[in-house]
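Numbering (the numbering used here), first residue to last: 521 to 971.
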């Protein structure tokens, strides 16, 4: 992020890194006779049209508070299927695998939105409920009692101001959006204290030494979460122009049918492009803010044939962008977000009203007429949950020699700007996606100062 890191944050990062190393070295081998000295594994179950993107920030916060990689998991499933049987069966298999791998008798589970529906059904079977130590219900199903009798924390956003589970610990976050209730630092503080019985050392995403950062994840169809294969290139960028630095990528990876890649070393202060190349398909370019901490849950989302992105008009003369963030884009409130693309603010009360809970913004030249119309969202995106689209003409260049700066000003940060600059790829041959973080490094945006 922009600006230098406070000395207090750096010292805390070093302390936690040393503490985590000492813990790993001194933890005894698990046996039937010895009590567990490590926390339970944690599994996150996403909601409708969700993926591991809604788990990235919290996983890094858990990691910064001493959780090892082998204790953090995500359960992804196909949310284009209306019923939950496949999601329940997959979760049962994952719980069995995690328990066998870690030696843990029980796991802790967090579920968001539709994922809470999956969990209420899952925990209704006593044998499955017995394997879950604690459950966190994130802005989803209500109930008269904790599901399956499992100790439960329920967090509710502005979307469900009166949500409740009888007998659970109920926390209301009236300013939070639906997805924000699952990804925010404020929610993490409640979740960690519920699971561990004490507050976290910090709610910040602490940076690692830049040379130690690694990324891993999957390339998937959205929202099926099925893997895609192809060649993945990882390029270091000039942050001012978005142009590739050097003649060769830093990594070239063959991605198999499961879509998995990594871990791959990156510089924690650098800007990167991940480019997916598939025979006969447009090249998919993905751009990010710097990866200041290792991230095993990177998701490169590609719309399948017949998917929502097929409604974007494409032509050689303009660039089309997809911009996502796991915290709602919001306009028309006292403290708005701003999203400026090549200097034009595309958020307004019609494009991103609070009730739409917008997570993804599509910007493209409707009808390829070289004219912009920003006063109303484009159909059919205006009917798809969490998505919106605006008619914005962004001139393209056949060699992508131009630049498009995309700047967000996140609400609650006191006006802090973050910019990702991308080349102006022609939309007929290139798909361009940007992912902004759902948190900022400013204390005002992350709640209380680090403890």
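Backbone N, C-alpha and C fix where the C-beta goes; we use that ideal spot for every residue, glycine too.
DSSP places residue 640 in the helix class (H, G or I) of the three-state scheme. In the displayed model, residue 667 falls within a helix according to three-state DSSP. Taking a C-beta distance under 7 Å as the contact criterion, residue 674 and residue 665 do not qualify as a contact pair. DSSP links residue 816 through a beta bridge to no other residue. Between residue 667 and residue 643, the C-beta spacing is below 7 Å. Note on geometry: alpha-carbon atoms of residue 828 and residue 904 lie some 9 Å from one another.
DSSP places residue 781 within a strand segment (E or B) once states are collapsed to three. Taking all protein chains shown into account, residue 682 has fewer than 16 neighbouring C-beta atoms within 10 Å of its C-beta and is therefore exposed. Taking C-beta separations shorter than 6 Å and ignoring five residues to either side along the sequence, the partners of residue 824 in its chain run 741, following chain order. Sorting 896, 843, 722, 879 by C-alpha distance to the C-alpha of residue 868 places 896 at the top.
Taking a cut-off of 8 Å for Cβ pairs, the segment 790 to 804 and the segment 741 to 760 touch, as three or more such pairs fall below it.
Within the segment 682 to 750, the beta strand (DSSP E) runs of at least 3 residues that lie entirely inside it are, in chain order, 689 to 692, 734 to 741. About 7 Å separates the beta carbon of residue 733 from that of residue 787, a gap short enough to meet the 8 Å contact definition.
By the criterion of at least three beta-carbon pairs nearer than 8 Å, the segment 716 to 731 is in contact with the segment 581 to 589.
Three or more Cβ pairs drawn from the segment 851 to 861 and the segment 927 to 936 lie within less than 8 Å of each other, which places the two stretches in contact. Here residue 621 carries a helix assignment [DSSP, helix/strand/coil]. A contact between stretches requires three or more CB pairs, one per stretch, nearer than 8 Å, and the segment 799 to 811 meets this requirement with the segment 939 to 946.
If you look at residue 582, you'll find it in the alpha helix (DSSP H) that goes 576 to 584. For the options 641, 651, 630, 653, the alpha carbon positioned closest to that of residue 659 is the one of 630. Here residue 806 carries a strand assignment [DSSP, helix/strand/coil]. Ranked by Cα distance from residue 819, the first of 603, 748, 695, 590 is 748.
Proximity to residue 909 across 833, 918, 711 peaks at 833, based on C-alpha coordinates. In the structure shown, residue 944 falls within a coil segment according to DSSP collapsed to helix, strand and coil. Contact check for residue 816 against residue 736 passes: the beta carbons are separated by less than 7 Å.
Going by C-alpha positions, residue 578 is about 11 Å away from residue 700. For residue 625, the closest alpha carbon among the candidates 573, 560, 614, 590 is that of 560.
Annotated three-state conformation of residue 658 is strand, per DSSP. DSSP places residue 858 in the strand class (E or B) of the three-state scheme. Bridge partners of residue 792 according to DSSP: 756.
When secondary structure is reduced to three states using DSSP, residue 611 falls in the helix class.
Residue state for residue 949 is assigned as coil, using DSSP reduced to three classes.
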